[in-house]
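Q: In terms of full-length UniProt numbering, the sequence shown opens at residue 1 and continues consecutively. The beta carbon of each residue, even a glycine, is placed where N, CA and C say it ideally should be. First the structure, then my questions, so here it is.
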Amino acid sequence: MPDSPTESYGPDREYHVFISLFLCRNTSGKFLSVGPATPGWSINNTVVKENYYTEILSCIITFNTLNFLTATISVVGMAGNATVLRLLGFHMHRYAFSVYVFNLAGADFLYLCTQTVYSLECVLQFDNSYFYFLLTILMFAYLAALCMIPAISTERCLSVTWPIWYHCQRPRHTSATVCALFWAFSLLLRLLLGQGCGFLFGKYDYYFCRYCSFITTAFLIVLFVVPFVSSLAMLTKIICGSHRIPVTRFYVTIAVTVLVFTFFGLPVGIVSLLLPRIVVFRGVFYIYKIVTFLYSVNCCANPIIYFLIGSIRHHRLQRQSLKLLLQRAMQDTPEEEGGVKGPSQKSNELEIV
């Protein structure tokens with residue numbers, strides 16, 4: 001009995017169909033096309049009927065439109081995240097939460113850069129051999145960004161739930177250490193998955209790929225749950241606590257970021273987990289392209305959230321420098337009337353992590 005089944009819908013067939021979704025090709029390895037003689041999705045090299053030709057043409061138009069929109073929104077998001085990286089890296093003091101935001105912007109920027117190249121390549125149909133490499137970077141950046149959001153929520157939850165321990169006993173450089181570990185773990189997990197599933201240099205191993213996929217699924221489920229649990233704990237502490245805890249700008253920033261990620265970021269992770277199992281269903285390719293576009297919107301929205309929350313003052317929008325807007329968005333102390341900062345704001349901004 002062979003190690004891997006080879007029936008028509010067995011692991012090998014499933015693998016090639018699964019890969020074809022990412023490589024903008026059909027299962028024979030050719031680009032999708034509607035040439036005058038032989039379309040990319042021909043059946044036994046026979047002449048395609050008019051209705052079939054129309055369907056393929058509509059498919060390719062939709063395909064190119066989604067890729068063009070994704071590339072466009074990715075370029076806009078790259079500019080926004082590059083601005084956040086520049087401000088946090090060179091123009092602002094680093095403290096606990098800014099380290100997480102900096103790494104989140106870095107992961108989003110890496111994802112958007114790679115997604116732009118990938119989308120343009122699919123539209124222009126260059127015959128390149130680095131698709132597996134692009135796919136590996138995309139999933140690596142997604143995992144890294146997915147790690148940062150629970151880290152921010154958990155850090156804020158700890159500061160609200162146990163404020164004395166957080167400000168007095170919290171180890172120094174915790175934020176930087178946690179971010180480094182998340183980057184390393186995301187890279188390791190992605191390399192193992194890519195090696196076992198044939199995305200990199202290794203040969204496709206069905207059982208090892210399944211094993212790595214199971215680990216990735218469990219890891220993603222944990223990352224999906226943590227932001228909601230920590231946000232719920234913070235909300236309970238704020239509403240039902242014995243001492244009234246004021247809602248700060250940074251709490252609003254976290255809440256909006258988690259909310260946007262729920263609707264625009266989670267779908268691509270869920271679809272990616274289910275894709276090997278639903279790949280044989282009609283229309284799954286469009287679903288994947290749509291959720292990919294939604295995640296690009298999520299990456300583009302994060303800088304907009306920071307600057308928008310920072311610009312709202314006394315229920316009115318005010319035009320200020322981007323540096324000041326970003327500082328206000330991450331302000332973790334209540335703002336007093338007249339724009340005066342809380343008593344501990346200066347010490348929080350100068351905290352070294």
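Run through DSSP, which three-state label would I170 get?
A: For this step, residue 170 is matched to residue 170 along the sequence shown. Ile is not the amino acid found at residue 170; the sequence shown has Arg there. Residue state, collapsed to three classes: coil.
Q: Note down, in chain order, each residue of its chain lying with its Cβ closer than 7 Å to the Cβ of F208, except the 5 sequence neighbours on either side.
A: The residue you call residue 208 lines up with position 208 of the sequence shown. So the qualifying residues of the chain are G196.
Q: What does the alpha-carbon distance come out to for the pair V160 and K237?
A: Your numbering for residue 160 matches position 160 in the sequence shown. Your numbering for residue 237 matches position 237 in the sequence shown. The straight-line gap from Cα to Cα measures roughly 7 Å.
Q: Under DSSP, the alpha helix (DSSP H) around P227 begins and ends at which residues?
A: Counting from one through the sequence shown, the residue named residue 227 turns up at place 227. 206-240 is the span of the alpha helix (DSSP H), which, as asked, contains P227.
Q: Restricting to Cα atoms, I'd like to know which of R313, N298, V256, Y286 is closest to S153.
A: Here residue 153 refers to the residue found at position 153 when the sequence shown is read from its first residue. Residue V256 is the option with its Cα nearest to S153.
Q: Which same chain residues, not among the five before or five after Y118, have their C-beta less than 6 Å away from its C-beta?
A: As a working mapping, residue 118 is identified with position 118 in the sequence shown. Counting only Cβ-Cβ distances below 6 Å, and skipping sequence neighbours, we find L134.
Q: Rounded to whole angstroms, how far is the Cβ of C147 from the Cβ of F182, which I believe are closer than 8 Å?
A: Locating residue 147 in the sequence shown gives position 147, counting from the first residue. Locating residue 182 in the sequence shown gives position 182, counting from the first residue. About 4 Å; that satisfies the 8 Å criterion.
Q: Start and end of the alpha helix (DSSP H) containing D332?
A: For the purposes of this step, residue 332 is taken as residue 332 along the sequence shown, with counting starting at 1. Where D332 is concerned, there is no enclosing alpha helix (DSSP H), given that its DSSP letter is neither H nor E.
Q: Check this for me: beta carbons of F102 and L112, under 7 Å apart or not?
A: Looking up residue 102 in the sequence shown gives position 102. Looking up residue 112 in the sequence shown gives position 112. Against a cut-off of 7 Å, the Cβ pair of L112 and F102 comes out as no contact.
Q: Would you say the region 257-269 touches the region 168-181, given that touching needs at least three Cβ pairs under 8 Å?
A: Short answer: they don't touch.
Q: Short of 6 Å in beta carbon distance, which residues of its chain neighbour I278, apart from the five on each side in sequence? Order them along the chain.
A: Stepping through the sequence shown from its first residue, residue 278 is reached at position 278. Around I278: V284.
Q: Which residues mark the beginning and the end of the alpha helix (DSSP H) in which Y130 is found?
A: Locating residue 130 in the sequence shown gives position 130, where the first residue counts as 1. Here Y130 belongs to no alpha helix (DSSP H), and DSSP marks it neither H nor E.
Q: Roughly how many angstroms lie between the CA atoms of L308 and C240, to the nearest whole one?
A: Taking the first residue of the sequence shown as position 1, residue 308 is located at position 308. Taking the first residue of the sequence shown as position 1, residue 240 is located at position 240. The alpha-carbon atoms of L308 and C240 are separated by roughly 29 Å.
Q: Taking S119 as part of the alpha helix (DSSP H), name the residues at either end of that continuous run.
A: By one-based count along the sequence shown, residue 119 stands at place 119. 96-124 is the span of the alpha helix (DSSP H), which, as asked, contains S119.
Q: Considering only C-alpha positions, which residue in the set T72, F97, D108 is nearest to T174?
A: As a working mapping, residue 174 is identified with position 174 in the sequence shown. The residue with the shortest Cα to Cα distance from T174 is F97.
Q: Mind checking whether the beta-carbon of A71 lies closer than 6 Å to any heavy atom of the ligand SAM?
A: Among the components modelled here there is no ligand, and therefore nothing to report on the ligand SAM.
Q: Going by other Cβ atoms of all chains shown within 10 Å of its Cβ, with 16 needed for buried, is A79 buried or exposed?
A: Working through the sequence shown from its first residue, we reach residue 79 at position 79. Result: exposed.
Q: CB-CB under 6 Å to K323, same chain, minus the five flanking residues each way: which ones, in chain order?
A: As a position in the sequence shown, residue 323 is number 323, starting the count at 1. L87, H91.
Q: Taking all protein chains shown into account, decide if R172 is buried (16 or more other Cβ within 10 angstroms of its Cβ) or exposed.
A: Within the sequence shown, the letter at position 172 stands for residue 172. Exposed is the call here.
Q: Please confirm whether V160 has its beta-carbon closer than 7 Å to some beta-carbon of chain C.
A: Protein chains in the displayed structure number just one, and chain C is not present.
Q: Comparing alpha-carbon positions, which option in Q169, F219, K203, G198 lies nearest A144?
A: As a working mapping, residue 144 is identified with position 144 in the sequence shown. Measuring from the Cα of A144, the nearest candidate turns out to be F219.
Q: Which value, in whole angstroms, describes the spacing of the CA atoms of S74 and V297?
A: Indexing the sequence shown from 1 puts residue 74 at position 74. Indexing the sequence shown from 1 puts residue 297 at position 297. About 8 Å.
Q: Can L69 and F263 be called in contact, C-beta distance under 7 Å?
A: Numbered from its first residue, the sequence shown carries residue 69 at position 69. Numbered from its first residue, the sequence shown carries residue 263 at position 263. Cβ atoms of L69 and F263: not closer than 7 Å.
Q: Between the alpha carbons of L110 and L138, how many angstroms are there, rounded?
A: In the sequence shown, the residue the question calls residue 110 occupies position 110. In the sequence shown, the residue the question calls residue 138 occupies position 138. Spanning the two alpha carbons is a distance of roughly 8 Å.
Q: Using 8 Å for Cβ pairs, my map puts residue 354 next to P150. What's the rounded Cβ distance?
A: Outside the shown range of the chain, which is 1 to 353, sits residue 354, and nothing can be said about it.
Q: Using the C-alpha atoms, what's the distance from C299 back to V84?
A: Stepping through the sequence shown from its first residue, residue 84 is reached at position 84. Stepping through the sequence shown from its first residue, residue 299 is reached at position 299. Whole-angstrom Cα-Cα distance: 12 Å.
Q: Taking 7 Å as the threshold (C-beta atoms), are F140 and L193 in contact?
A: Here residue 193 corresponds to residue number 193 of the sequence shown, with the count starting at 1. Here residue 140 corresponds to residue number 140 of the sequence shown, with the count starting at 1. Contact: no.
Q: Got a sec? Which residues, its chain only, sit under 7 Å from G29 by beta carbon, not counting five neighbours each side?
A: The residue you call residue 29 lines up with position 29 of the sequence shown. Its pLDDT being 42, under 50, G29 is placed unreliably by the model, and the measurement read from it follows with that caveat. Closer than 7 Å at the Cβ level, and outside the excluded window around G29, lies no residue.
Q: Take W162 as the anchor and find which of M234, G77, P303, N81 has the nearest alpha-carbon.
A: Here residue 162 refers to the residue found at position 162 of the sequence shown. The candidate whose alpha carbon is nearest that of W162 is M234.
Q: Counting along the chain, where does the alpha helix (DSSP H) carrying R259 start and finish?
A: Here the question's residue 259 lines up with position 259 in the sequence shown. Checking the displayed sequence, the identity of residue 259 turns out to be Leu instead of Arg. Unbroken alpha helix (DSSP H) run through L259: 249-264.
Q: Note down, in chain order, each residue of its chain lying with its Cβ closer than 7 Å to the Cβ of V271, except the 5 sequence neighbours on either side.
A: Counting from one through the sequence shown, the residue named residue 271 turns up at place 271. I287, Y288, V291, listed in sequence order.
Q: Can you say whether V247 is buried or exposed, counting buried as having 16 or more other CB atoms within 10 angstroms of its CB?
A: If you number the sequence shown from 1, residue 247 lands on position 247. That one is exposed.
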